[in-house]
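Colleague: Sharing a structure below in structure tokens format, with a few things to ask.
Number of protein chains: 2
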Amino acid sequence: MPLLVVGSVAIDSIETPKGRAPSIIGGSATHFSYAASFFTPVRLVGVVGEDFPEEYLALLRSRPIDLAGLQIRKGRSFRWSGRYQSSMASAETLSVELNLFGEFDPVLPDGFKRSPFVFLANGSPHVQRRVLEQVDAGAERFVLLDTMNLWIEVEHRALLEMLGRVDGVVLNDEEIRQLTREPNLIAAGRRVLDLGPRVVIVKKGEHGALLFAGDRIFAAPAYPVEKVVDPTGAGDTFAAGFMATLAAEGRPRPDFDTLRRGVCLGVVAASLNVEDFSLNRLARATREEIVARYRSYIDVLRVDGDAGIAAGRAAGVVESRLA
Amino acid sequence: MPLLVVGSVAIDSIETPKGRAPSIIGGSATHFSYAASFFTPVRLVGVVGEDFPEEYLALLRSRPIDLAGLQIRKGRSFRWSGRYQSSMASAETLSVELNLFGEFDPVLPDGFKRSPFVFLANGSPHVQRRVLEQVDAGAERFVLLDTMNLWIEVEHRALLEMLGRVDGVVLNDEEIRQLTREPNLIAAGRRVLDLGPRVVIVKKGEHGALLFAGDRIFAAPAYPVEKVVDPTGAGDTFAAGFMATLAAEGRPRPDFDTLRRGVCLGVVAASLNVEDFSLNRLARATREEIVARYRSYIDVLRVDGDAGIAAGRAAGVVESRLA
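In order, the protein sequences belong to chains A and B. Residue 154 in this note's numbering is what sits at position 154 of the first sequence, and the numbering runs on without skipping anything. Residue 16 in this note's numbering is what sits at position 16 of the second sequence, and the numbering runs on without skipping anything.
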């Protein structure tokens, strides 16, 4: 089922301990749509300037990504330049030019208004609300919202209002601590559930992710990646794997099993994304390769070598061999 | 099968955002032996002074912990005072008095020399070597070593030598980065395998643990704990759950399944330990409660609600519902 994303399409310049990549394709909607397109058709809404390289548009067009909602306007595209230190934990922004994205007014083509799966990528809560107002409210849908420290600080009230209107929210560990003023991530996750969303996901970078829904929790470690080249877009790629699972399974009202599989595909998609700059690694990937890594990830999670051995039996082994 | 631990038995004074606890029982060998004793008999080697409260010794004696190797000598016990900030990630040492532990010369009672499972708790590599020299080398055994930033820095060569002589090593994320000068934990874990041990475990506090053995990796998230009262001893309690699993299963040559179960029991034991000061929480626990939490932890890890659904099938769901 089709998956709508509204967010940035950008030109990035990135330095990491593994190298430099000037003027590459970036942006939240870019990373999200490219990764999700391996599993479900994607509808992209965003804005770029006339300076946006044709070859980058061709890269998106080469995938099942509908660009009917991508405005190409007079002016310059969103540009971001950043640097990562050795831990790769967070980027230092060297320069940012919002350009056309600073006055972005998302307009959904009529054909996009009936979208059962929606990702509101990081952006002002006001812009996110504008999107939600255009999506057909009648049909069943699952809307996931992303945000950042800036909006938590300067648009706190508008953000809280949005949290009351979406189905899920994805935050990183710093952001959820900032939002809730609660240092314990388990307590923080539960507190955000109380703010409205049925699903809360905490992204922890190299430490994986936590999923909260109702009174249930799923803790997903990261897929082990030995050589991280560039973490940019990992969060959006994670969200893509998650939302693509819901869309591919056709579940706007996902049960906990679907949510867990979504988190796992998110972890796996993100693990590929960080192995090279920009979309380079995903552009070399195939659906089969992603599914193979998903399988090997499940093996990394599994407690018994024999997958047929369930929780009770594993605990039973410990129990029955007590001294 | 019996499990030997050599390490500190101490009097701690601790402040955390959840409260203060002056002059409580602490020490690596204390936390380790108490937690492990739920699953296997323990032999403790350590030293305390005449100031060590009788009630604390009684607490250890109330469990299947053999104190024949605990020297009670003229002088003062090891005392440590520390404070945790809100994140609970690491302690600030307020004061430390090594006292008798500073000149600790471990002597194994004859009955302890044949120990198939040995935990060398954090201590000078020279003291750890002294222990190893007394353990009967003829029999099959599994020796796990713990260490800290101090020894990595000031006893680097002696520590490396010990890594070539033990079966497993447990380090936290900062320590393994310091030891290998490799920021990526996956790469760092593999590098430590090259130094000798067959098993490497990285403890990541609230983010769980990583297990490396041969070319296999198991990533274990932490058990979700909403209210962390005091993290002191969590690492030793983790090591206890791990070693107790090997001992309870009787496997000095553990296969990967046993290692994984050990890591899981370690995570679960540590999650109980942090819910109160000192041994308070474990003193209220029963073996049944620990096993019940182990079961619920396996549920936190599991990717499909139906435990019978294995990796392949979960991946298959994603695969077969592709748009």
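No residue lacks a Cβ here, since even glycine has one placed at the ideal position from N, Cα and C.
Output yes if chain A places a C-beta closer than 8 Å to the C-beta of residue 184 of chain B; else output no.
Modeller: As a working mapping, residue 184 of chain B is identified with position 184 in the second sequence. So yes, residue 184 of chain B belongs to the interface.
Colleague: Give the single residue among A:1, A:249, A:231, A:141 whose Cα lies nearest to the Cα of residue 269 of chain A.
Modeller: If you number the first sequence from 1, residue 269 of chain A lands on position 269. The candidate whose alpha carbon is nearest that of residue 269 of chain A is A:231.
Colleague: Quick check on residue 4 of chain B - is its C-beta less than 8 Å from some C-beta in chain A?
Modeller: The residue given as residue 4 of chain B occupies position 4 in the second sequence. Judged by the 8 Å Cβ criterion, residue 4 of chain B is not in contact with chain A.
Colleague: Leaving out five residues before and five after residue 151 of chain A in sequence, what residues of the same chain have Cβ atoms less than 7 Å from its Cβ?
Modeller: The residue labelled residue 151 of chain A in the question sits at position 151 within the first sequence. Answer for residue 151 of chain A: 124, 125, 159, listed in chain order.
Colleague: Who pairs with residue 275 of chain B in a beta bridge, going by DSSP?
Modeller: On the second sequence, position 275 is the one that residue 275 of chain B refers to. DSSP, once it has assigned bridges, lists no residue as partnering residue 275 of chain B.
Colleague: Using the rule of at least 16 other Cβ atoms within 10 Å of the residue's Cβ for burial, across every protein chain shown, is residue 33 of chain A buried or exposed?
Modeller: As a working note, residue 33 of chain A is residue 33 in the first sequence. Its Cβ being crowded by 16 or more others within 10 Å, residue 33 of chain A is buried.
Colleague: Among the residues of its own chain, which have a CB less than 8 Å from the CB of residue 191 of chain B, if the five just before and after it don't count?
Modeller: For this step, residue 191 of chain B is matched to residue 191 along the second sequence. Hits under 8 Å: 180, 182.
Colleague: Output, in chain order, the set of chain A residues within a Cβ distance shorter than 7 Å of residue 191 of chain B.
Modeller: Mapped onto the second sequence, residue 191 of chain B falls at position 191. Near residue 191 of chain B there are no residues of chain A at all, since even the closest Cβ is about 10 Å away, more than 7 Å.
Colleague: Is there a C-beta anywhere in chain B that falls below 8 Å from the one on residue 139 of chain A?
Modeller: Taking the first residue of the first sequence as 1, we reach residue 139 of chain A at position 139. False, the Cβ-Cβ gap to chain B never drops below 8 Å.
Colleague: For residue 172 of chain A, list the residues DSSP reports as bridge partners.
Modeller: For the purposes of this step, residue 172 of chain A is taken as the residue at position 172 of the first sequence. Paired residues: A:203.
Colleague: By the 10 Å Cβ neighbour count, where 16 or more other Cβ atoms means buried, how is residue 85 of chain B classified, buried or exposed?
Modeller: Sequence index remark: in the second sequence, residue 85 of chain B carries index 85 (1-based). So residue 85 of chain B ends up on the exposed side.
Colleague: Given this structure, state the Cα-to-Cα distance separating residue 13 of chain A from residue 2 of chain A, to the nearest angstrom.
Modeller: Position 13 of the first sequence holds residue 13 of chain A. Position 2 of the first sequence holds residue 2 of chain A. Approximately 31 Å, taken between the alpha carbons.
Colleague: Expressed to the nearest angstrom, what Euclidean distance is found between the alpha-carbon atoms of residue 177 of chain B and residue 132 of chain A?
Modeller: The residue you call residue 177 of chain B lines up with position 177 of the second sequence. The residue you call residue 132 of chain A lines up with position 132 of the first sequence. One C-alpha to the other measures close to 45 Å.
Colleague: Give me whichever residues DSSP pairs with residue 21 of chain B in a beta bridge.
Modeller: Position 21 of the second sequence holds residue 21 of chain B. Partner(s): B:14.
Colleague: Please name the residue in A:44, A:29, A:31, A:75 whose C-alpha comes closest to that of residue 51 of chain A.
Modeller: The residue labelled residue 51 of chain A in the question sits at position 51 within the first sequence. Comparing Cα-Cα distances from residue 51 of chain A to each of A:44, A:29, A:31, A:75, the minimum goes to A:75.
Colleague: Which residues in the same chain have their Cβ closer than 8 Å to the Cβ of residue 258 of chain A, if we skip the five residues on either side of it in sequence?
Modeller: By one-based count along the first sequence, residue 258 of chain A stands at place 258. 245, 246, 249, 251, listed in sequence order.
Colleague: Is there a C-beta anywhere in chain B that falls below 8 Å from the one on residue 78 of chain A?
Modeller: As a first step, residue 78 of chain A must be located in the first sequence, where it is residue number 78. Not closer than 8 Å to any Cβ of chain B, the Cβ of residue 78 of chain A fails to qualify, so no.
Colleague: Per DSSP, which one or two residues make a beta bridge with residue 119 of chain B?
Modeller: Working through the second sequence from its first residue, we reach residue 119 of chain B at position 119. Its beta-bridge partners are B:5, B:144.
Colleague: Grouping DSSP H, G and I as helix and E and B as strand, with all else coil, what is residue 103 of chain B?
Modeller: Stepping through the second sequence from its first residue, residue 103 of chain B is reached at position 103. In this structure, residue 103 of chain B counts as helix in the three-state DSSP scheme.
Colleague: For my contact list, residue 119 of chain A and residue 47 of chain A are in at a C-beta cut-off of 8 Å; report their separation, rounded to the angstrom.
Modeller: Start at 1 with the first residue of the first sequence, and residue 119 of chain A comes out as number 119. Start at 1 with the first residue of the first sequence, and residue 47 of chain A comes out as number 47. Not a contact, Cβ separation roughly 17 Å.
Colleague: Rounded to whole angstroms, what is the Cα-Cα separation between residue 260 of chain B and residue 235 of chain A?
Modeller: For this step, residue 260 of chain B is matched to residue 260 along the second sequence. For this step, residue 235 of chain A is matched to residue 235 along the first sequence. In a straight line, the C-alpha of residue 260 of chain B is about 29 Å away from that of residue 235 of chain A.
Colleague: DSSP on residue 215 of chain A, reduced to helix/strand/coil?
Modeller: On the first sequence, position 215 is the one that residue 215 of chain A refers to. Correct three-state label for residue 215 of chain A: coil.
Colleague: Using the rule of at least 16 other Cβ atoms within 10 Å of the residue's Cβ for burial, across every protein chain shown, is residue 214 of chain A buried or exposed?
Modeller: The residue given as residue 214 of chain A occupies position 214 in the first sequence. By the 10 Å Cβ count, residue 214 of chain A comes out exposed.
Colleague: Between the stretch 269–288 of chain B and the stretch 5–22 of chain B, do at least 3 Cβ pairs fall closer than 8 Å?
Modeller: With the cut-off at 8 Å, the stretch 269–288 of chain B and the stretch 5–22 of chain B touch.
Colleague: Quick one: Cα of residue 106 of chain B to Cα of residue 96 of chain B, how far?
Modeller: By one-based count along the second sequence, residue 106 of chain B stands at place 106. By one-based count along the second sequence, residue 96 of chain B stands at place 96. So the two alpha carbons sit approximately 21 Å from each other.
Colleague: Using a C-beta cutoff of 8 Å, does residue 116 of chain A count as contacting chain B?
Modeller: Along the first sequence, one-based indexing puts residue 116 of chain A at 116. Cβ-Cβ to chain B under 8 Å: no for residue 116 of chain A.
Colleague: So for residue 90 of chain B, helix, strand or coil by DSSP?
Modeller: Here residue 90 of chain B corresponds to residue number 90 of the second sequence, with the count starting at 1. Residue 90 of chain B: coil per DSSP, three-state reduction.
Colleague: Output, in chain order, the set of chain A residues within a Cβ distance shorter than 7 Å of residue 218 of chain B.
Modeller: For the purposes of this step, residue 218 of chain B is taken as residue 218 along the second sequence, with counting starting at 1. 300, listed in chain order.
Colleague: Please list, in chain order, the residues of the stretch 199–219 of chain B that have any C-beta partner in chain A closer than 7 Å.
Modeller: Of all residues in the stretch 199–219 of chain B, 204, 206, 207, 208, 217, 218, 219 have a Cβ within less than 7 Å of some Cβ in chain A.
Colleague: Does residue 253 of chain B get closer than 8 Å to chain A when you measure Cβ to Cβ?
Modeller: The residue labelled residue 253 of chain B in the question sits at position 253 within the second sequence. Not one chain A Cβ lies under 8 Å of residue 253 of chain B.
Colleague: Going along chain B, which residues have a C-beta under 8 Å from residue 187 of chain A?
Modeller: Stepping through the first sequence from its first residue, residue 187 of chain A is reached at position 187. Here the neighbours are 226, 227.
Colleague: So for residue 135 of chain B, helix, strand or coil by DSSP?
Modeller: Walking along the second sequence from the start, residue 135 of chain B turns up at place 135. Three-state DSSP puts residue 135 of chain B in coil, outside helix and strand.
Colleague: If you count every other CB in all the chains shown that lies within 10 Å of the CB of residue 122 of chain B, and 16 or more means buried, which is it?
Modeller: By 1-based counting over the second sequence, the position of residue 122 of chain B is 122. Buried.
Colleague: If you compare alpha carbons, which of B:208, B:139, B:116 is closest to residue 185 of chain B?
Modeller: The residue you call residue 185 of chain B lines up with position 185 of the second sequence. Among B:208, B:139, B:116, the Cα nearest to that of residue 185 of chain B is on B:208.
Colleague: Could you spell out where the alpha helix (DSSP H) holding residue 296 of chain B opens and where it closes?
Modeller: Counting from 1 along the second sequence, the entry for residue 296 of chain B is found at position 296. Run containing residue 296 of chain B: 287–301, per the alpha helix (DSSP H) assignment.
Colleague: Measuring CA to CA, which of A:172, A:233, A:174 is closest to residue 273 of chain A?
Modeller: As a working note, residue 273 of chain A is residue 273 in the first sequence. Of the candidates A:172, A:233, A:174, the one whose C-alpha sits nearest the C-alpha of residue 273 of chain A is A:233.
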